[in-house]
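Our numbering numbers the first residue of the sequence shown as 219 and each following residue consecutively.
Idealized CB from N, CA, C, for every residue including glycine.
As the structure is a prediction and not an experimental result, all values here were calculated from the model.
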Amino acid sequence: MLPLLLSAASVFMAAALFVAGQMLLGTQLSLGLSAAGLGPMQIGLIMMCYSFGFMLGSIAGPRLIRRVGHIRVFSAFAALTCCAALAHSIVFDERLWALLRAVSGFCGALLLIVLESWINAHATPQARGRLMSLYMVNYYLAGAGGQLLVGLYPPGDTRLFSMAAALLVLASVPLSLTSRPAPALPASSRLKFGELFRASPVSVVGALTAGFAMAAFYQLSPVSVKDLGHDVQTVARYMACAVVASMALQYPLGRWSDRYDRRRVILGIALAVAAASLLAATIGQLSLAALFGASMLFTATASCLYPACLARLNDRTQGRNPVAANASLLLCYGVGQCLGPVASAAVMHLIGPAGLYVAVFVVLLAFAGYSLRRLQRADTAVDEQQRFVPMPSTPSPAIVNDRPAGDNER
Numbered sequence: 219m220l221p222l223l224l225s226a227a228s229v230f231m232a233a234a235l236f237v238a239g240q241m242l243l244g245t246q247l248s249l250g251l252s253a254a255g256l257g258p259m260q261i262g263l264i265m266m267c268y269s270f271g272f273m274l275g276s277i278a279g280p281r282l283i284r285r286v287g288h289i290r291v292f293s294a295f296a297a298l299t300c301c302a303a304l305a306h307s308i309v310f311d312e313r314l315w316a317l318l319r320a321v322s323g324f325c326g327a328l329l330l331i332v333l334e335s336w337i338n339a340h341a342t343p344q345a346r347g348r349l350m351s352l353y354m355v356n357y358y359l360a361g362a363g364g365q366l367l368v369g370l371y372p373p374g375d376t377r378l379f380s381m382a383a384a385l386l387v388l389a390s391v392p393l394s395l396t397s398r399p400a401p402a403l404p405a406s407s408r409l410k411f412g413e414l415f416r417a418s419p420v421s422v423v424g425a426l427t428a429g430f431a432m433a434a435f436y437q438l439s440p441v442s443v444k445d446l447g448h449d450v451q452t453v454a455r456y457m458a459c460a461v462v463a464s465m466a467l468q469y470p471l472g473r474w475s476d477r478y479d480r481r482r483v484i485l486g487i488a489l490a491v492a493a494a495s496l497l498a499a500t501i502g503q504l505s506l507a508a509l510f511g512a513s514m515l516f517t518a519t520a521s522c523l524y525p526a527c528l529a530r531l532n533d534r535t536q537g538r539n540p541v542a543a544n545a546s547l548l549l550c551y552g553v554g555q556c557l558g559p560v561a562s563a564a565v566m567h568l569i570g571p572a573g574l575y576v577a578v579f580v581v582l583l584a585f586a587g588y589s590l591r592r593l594q595r596a597d598t599a600v601d602e603q604q605r606f607v608p609m610p611s612t613p614s615p616a617i618v619n620d621r622p623a624g625d626n627e628r
């Protein structure tokens, strides 16, 4: 395992720098927009542009990488996202910042495709799961570090934008200097929505729901906590704890979903996320400790929903054209990411900071009801289920397209 880790060290270092920079920039922008006097709805619309750009990047990225290569794409778009970060500190304009968020999302998708393709290329089928788990630990710890940097200076301070830009451009150094050969990327293809929905309705609706919940939380929770009267340092600690908690249940829930009916596991996850949202919307508004606990439960469970839905889709397709099916499910997740911040911001505008969690609670409860109804249908036998693969909070086509070898024969 040690030689495998050493061979992927440059990728892990690049991923840590990139994720820390993106997390720092995202939270800094949410707080900066709030400090500038913008309301939740305006903030939600601007922050949603990142998800929209990421969705476009997920579509265009594989084709672009095939044309010019992994290292060139990574270096070019790391520089571009660095420029986008710096541009926020030069001029404040809502429309310009929305455009810059879309650019950052587009670049972020391409950078993640390169990083995760590289990890999959270095891993043997026997070690891929362990290497991906270590990648996730690296991902979430770097994200927590980026969140803690937010508390160093006041919201909107140009030094935070400079720090984010420095981290983002430094991410290109390890890969630019590596002597390891670049990986090959499989051809990109997708299923039509009707085919995808017929294969697994629960996976489609679940992916939309997961994207909704995760994007709403990460884009708007800094504003929600700040509007409760807490300082920037508290917001930074809150976000860091939430990011670290995201990896807490990936392994146990993954094992559970491999051993039991996947639909019941998805239903259990949905109910847990709904319960955490309800706690955050009620007692979390009265007690900071309760808000921390509820939010950590939220991210710990919500981060498992998309991987479980992806595994469920693989159960239903039984290895038939997995690349097309998985790439199409990622688009559903991206649509949910676009809807989450806007819908949650609208509820926040009506009822205050708790609106973020109320919106997510309603959506998750509706999905749980839908999942319960689908449980009445016949299903794939447990011993024929595909293996659960842990994923970061923002999955890329590289992960969903590179399933471990041998999964199709399970």
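* To do: Would you check if the distance between the CB atom of residue 577 and the CB atom of residue 562 is smaller than 8 Å?
  => yes
query = What is the rounded straight-line gap between the Cα of residue 259 and the Cα of residue 252?
reply = 11 Å
Quiz item: Between which two residues does the alpha helix (DSSP H) carrying residue 631 extend?
Solution: This structure cannot speak to residue 631, because the chain is shown only from 219 to 628.
Notebook entry, point to check: What do you get for residue 478, buried or exposed, if any count of 16 or more other CB atoms within 10 angstroms of its CB means buried?
Noted result: exposed
Quiz item: Relative to the alpha-carbon of residue 592, which residue among 327, 464, 422 has its alpha-carbon at the smallest distance?
Solution: 422
Would DSSP call residue 500 helix, strand or coil? coil
- Whose C-beta lies closer than 7 Å to the C-beta of residue 451 among residues of the same chain, with five residues either side of it excluded? 369
*Cα-Cα separation, residue 573 to residue 243*: 24 Å
Note to self: Can you check which of these residues, 350, 332, 558, is closest to residue 282 by C-alpha distance?
What the structure shows: 332
- Message: Please report the straight-line C-alpha distance between residue 350 and residue 431, rounded to a whole angstrom.
- Response: 23 Å
**Request:** Return the residue from the list 548, 364, 529, 495 that minimises the CA-CA distance to residue 274.
**Result:** 548
> Considering only residues of the same chain and omitting the five flanking positions on each side of residue 543, which have a CB-CB separation below 7 Å?
Replying inline: 409, 414, 417, 531, 535
| message | Tell me the rounded alpha-carbon separation between residue 330 and residue 453. | response | 26 Å
Please report the straight-line C-alpha distance between residue 361 and residue 440, rounded to a whole angstrom. 14 Å
| message | I'd like the list of long-range same chain contacts for residue 298, defined as Cβ closer than 8 Å, with 5 residues on each side in sequence excluded. | response | 321, 325
Self-check item: Inter-residue spacing [alpha-carbon to alpha-carbon] between residue 314 and residue 371
Solution: 23 Å
### Query
Between the region 229-247 and the region 374-393, do at least 3 Cβ pairs fall closer than 8 Å?
yes
| Does the distance from the CB of residue 560 to the CB of residue 262 come in under 8 Å? | yes
Test item: CB-CB of residue 376 and residue 464 under 8 Å: no
Inset, instruction - Would you tell me roughly how many angstroms separate the C-alpha atoms of residue 397 and residue 228, rounded to the nearest one? - result: 10 Å
Quick check: the Cα distance between residue 507 and residue 525, rounded to an integer number of angstroms?
29 Å
- Message: Spatial neighbours of residue 511 within its chain, please: C-beta separation below 7 Å, excluding the five flanking residues on both sides.
- Response: none
| Looking at residue 428 and residue 520, is the spacing between their C-beta atoms short of 8 Å? | yes
Open item on the list: With the cut-off set at 8 Å, would you say residue 466 and residue 582 are in Cβ contact?
Closed with: no
(message) Helix, strand or coil, according to DSSP, for residue 466 in the structure here?
(response) coil
Leaving out five residues on either side along the sequence, give the residues of the same chain with a beta carbon under 6 Å from the beta carbon of residue 471.
522
Comparing C-alpha positions only, which one of 279, 230, 310, 288 sits nearest to residue 256? 310
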